[in-house]
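Read the structure below first, then the notes.
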Amino acid sequence: MTLYERLGGEPAFQAAVDDFYRRMLTDERVSRFFDNVDMDGQIAKQKAFLTYVTGGPAAYTGKDMRKAHEHLWSKGLGDEHVDVVIEHLGATLIDLGAKAEDVAEVAELAESVRKDVLGR
Amino acid sequence: MNPDRTARPAEPSSAIHLKGRTIPLAAGESVLEGLERAGIEAPSGCRAGTCCKCMLQGEDPPAMSQRSLRPTLRAQGFFLACQAYPIGTLELSSGEAPEPIDTVIQSVEAVAPDVARILLRPEDSFAFRPGQYLDVLHPSGALRSYSIASLPSDQVLELHVRRIANGLVSSWIHEQNEGQRVQIRGPFGQCFHVADDEQKRLLLVGAGTGLAPLLGIARDALEQGHKGSIKLVHGGLQPDRLYMRPQLSELAETWPNLEVEHCVLREATEQEHEGPLDQVAIRLAGSLENTRAFLCGDAEIVRLLQRSLFLAGISSAEMFADPFSPASP
Ligand SMILES: Cc1cc2nc3c(=O)[nH]c(=O)nc-3n(C[C@H](O)[C@H](O)[C@H](O)COP(=O)(O)OP(=O)(O)OC[C@H]3O[C@@H](n4cnc5c(N)ncnc54)[C@H](O)[C@@H]3O)c2cc1C
Ligand code: HEM
């Protein structure tokens with residue numbers, strides 16, 4: 020069973036994505052990357068993000084990850100921002116009932132696409 | 063794997079129908095896969111029902127494919143193509159704009175120094191949900207959107223139009239007279255009442271002519287028997303910008319679960335609250351538990367409201383926003 024399924028799948032993620040997105044919007048280290056005008060679109064994409072990193076059904080490739088973030092590179096997207104994302108991701112997952120070892124596993128998955136997200 | 067897909071025996075008769083063309087679906091093939099195989103361009107992303115990029119509109123799509131969408135989208139037949147395994151033939155919308163229809167101006171009434179309340183009588187049937195918007199066609203061919211404040215049972219389309227300095231269509235419509243013809247097309251938009259929970263608290267916040275859709279939504283919810291509290295907060299720069307107050311008071315007197323509040327940025331009297339609309343609305347709302355919010359008016363203020371109410375605790379799935387963005391040239 021994937022972590023995604025163990026945490027309750029789609030219904031549980033509806034609330035989790037709000038929690039995660041509130042954390043991103045109120046953290047001034049990363050909020051500027053999220054001040055996109057279309058909030059509904061942002062929410063859907065952050066939900067895709069959470070689904071993906073917890074092993075849920077979301078079929079992204081490294082190439083997709085590059086494409087999803089390439090418009091952020093010129094805004095200075097860097098390692099420190101990936102660290103912040105992983106930090107808030109952990110907090111959201113713990114609130115959702117994940118265990119420390121689950122969070123470590125998710126962080127590992129996020130790490131594995133770091134170079135794509137940053138366009139290296 | 064989609065459970066729907068493995069559990070059901072092969073459905074040889076599944077197909078999609080689009081613009082006169084029928085595309086048969088192989089067993090276990092989604093609408094998205096079918097479109098792609100037929101060489102029809104269809105946007106997609108996660109292919110797992112989360113990113114919503116593959117959203118399409120059709121007639122009675124499978125419930126599974128609408129599961130994660132907002133109730134307003136579901137009510138209009140939107141669905142996710144990557145999650146859709148139809149039984150039988152699924153009719154897809156062509157995505158083309160509806161044909162324009164004629165209307166006749168019944169009245170143009172100044173309700174504030176720069177706002178006119180315009181009543182149009184459609185000459186053809188025009189089905190809509192209060193709070194949606196229509197496009198007005200200017201003789202030059204330009205199109206501008208205006209939100210609908212009336213109910214279908216009123217038999218007229220009520221618009222509130224603010225005159226923009228040097229604005230092509232808003233100035234033009236302010237100068238029209240009773241009996242003149244105006245072409246419209248529509249309706250469009252996702253900002254309307256869905257009676258999925260009659261106890262939900264409704265928080266309606268709008269600035270300026272953002273009142274138009276909110277008035278439509280409030281009246282629609284009340285007429286449909288909504289039981290939960292409905293709070294409408296109308297905002298403007300200063301007291302003389304807040305129009306149609308007598309009508310709003312009368313409505314609030316008729317319906318005990320409706321409360322109307324006024325908010326200005328400056329020169330408040332006893333009749334208005336003073337302060338930024340988002341902060342005043344959050345304060346007046348009290349609890350945001352089980353609340354659905356409708357946010358309408360100029361784009362900038364709507365985005366502020368969206369963000370503030372979201373951070374104050376309203377679920378993203380319960381926010382319906384209608385930013386009045388200026389037409390792109
Ligand atoms: C979904 C939707 C619903 C809408 N509902 C309503 C409604 O119910 N009532 C209503 O009055 N309007 C509404 N609008 C806005 C309306 O569609 C027009 O944009 C507006 O009337 C201006 O059109 P115009 O042709 O007069 O001005 P234009 O000729 O398009 O613009 C003239 C100049 O004014 C600027 N301008 C445009 N809008 C504004 C503004 N709001 N404030 C300051 N400057 C501006 C333009 O950038 C341009 O420089 C809605 C818009 C959308 C997208
Ligand atoms: C840690 C690894 C990361 C992963 C696995 C990841 C994953 C994703 C996914 C799956 C999407 C949705 C793509 C789509 O369908 O369009 C997305 C979008 C997005 N991500 Fe990330 N992300 C990561 C890091 C970051 C970081 C560090 C930032 C910035 C601080 C960021 C900002 C965004 C933004 C703004 C979008 C929306 C883009 C748009 O509007 O099109 N992401 N991400």
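Read top to bottom, the protein sequences are chains A and B. Here my numbering is used: the first residue of the first sequence is 20, the next is one more, and so on. Here my numbering is used: the first residue of the second sequence is 63, the next is one more, and so on. Every residue gets a Cβ at the ideal spot worked out from N, C-alpha and C, and that includes glycine.
Interface flag, residue i vs chain B, CB-CB below 8 angstroms
i: A/Gln-33; result: yes
i: A/Thr-45; result: yes
i: A/Met-58; result: yes
i: A/Arg-48; result: no
i: A/Glu-106; result: no
i: A/Thr-73; result: no
i: A/Ala-67; result: yes
i: A/Arg-42; result: no
i: A/Glu-145; result: Outside the displayed span of chain A (20 to 139) sits residue 145 of chain A, for which this structure offers no information.
i: A/Thr-70; result: yes
i: A/Ala-117; result: no
Buried/exposed call for residue i, threshold 16 Cβ in 10 Å
i: B/Asp-259; result: exposed
i: B/Lys-262; result: buried
i: B/Ser-76; result: buried
i: B/Ala-257; result: exposed
i: B/Ile-149; result: exposed
i: B/Ser-390; result: exposed
i: B/Leu-299; result: exposed
i: B/Ser-202; result: exposed
i: B/Leu-131; result: buried
i: B/Pro-160; result: exposed
For residue j and residue i, the rounded distance between their alpha carbons
i: B/Gln-245; j: A/Thr-21; result: 55 angstroms
i: B/Pro-105; j: B/Arg-129; result: 19 angstroms
i: A/Leu-108; j: A/Tyr-79; result: 18 angstroms
i: A/Gln-65; j: B/Glu-158; result: 30 angstroms
i: B/Glu-73; j: A/Glu-29; result: Its pLDDT being 45, under 50, B/Glu-73 is placed unreliably in this model, and the value from its coordinates should be taken loosely. Whole-angstrom Cα-Cα distance: 27 angstroms.
i: A/Gly-81; j: A/His-90; result: 16 angstroms
i: B/Glu-380; j: B/Ala-280; result: 16 angstroms
i: B/Ala-418; j: B/Asp-176; result: Only positions 63 to 391 of chain B appear in this structure, which leaves residue 418 of chain B out of reach.
i: B/Gln-333; j: B/Tyr-305; result: 13 angstroms
i: B/Asp-186; j: B/Arg-247; result: 11 angstroms
Cβ pair residue i, residue j closer than 8 angstroms
i: B/Ile-292; j: B/Leu-320; result: yes
i: A/Leu-96; j: A/Leu-137; result: yes
i: B/Val-170; j: B/His-236; result: yes
i: B/Ala-211; j: B/Ala-274; result: yes
i: A/Met-58; j: B/Ser-378; result: yes
i: A/Ala-31; j: A/Leu-128; result: no
Cβ of residue i within 8 angstroms of any chain A Cβ
i: B/Leu-196; result: no
i: B/Ala-379; result: yes
i: B/Gly-107; result: yes
i: B/Ser-130; result: yes
i: B/Leu-366; result: no
i: B/Leu-373; result: yes
| message | Which residues of the region 78-102 of chain A have a Cβ closer than 7 angstroms to any Cβ of chain B? Give them in chain order. | response | Ala-78 and Tyr-79
| query | Looking at chain A, which residues of the region 302-335 of chain B have a Cβ within less than 9 angstroms of any of its Cβ atoms? | reply | none
| request: Note down, in chain order, all residues in the region 86-114 of chain B with a beta-carbon under 9 angstroms from any beta-carbon belonging to chain A. | output: Gly-107, Cys-108, Arg-109, Ala-110, Gly-111, Thr-112, Cys-113 and Cys-114
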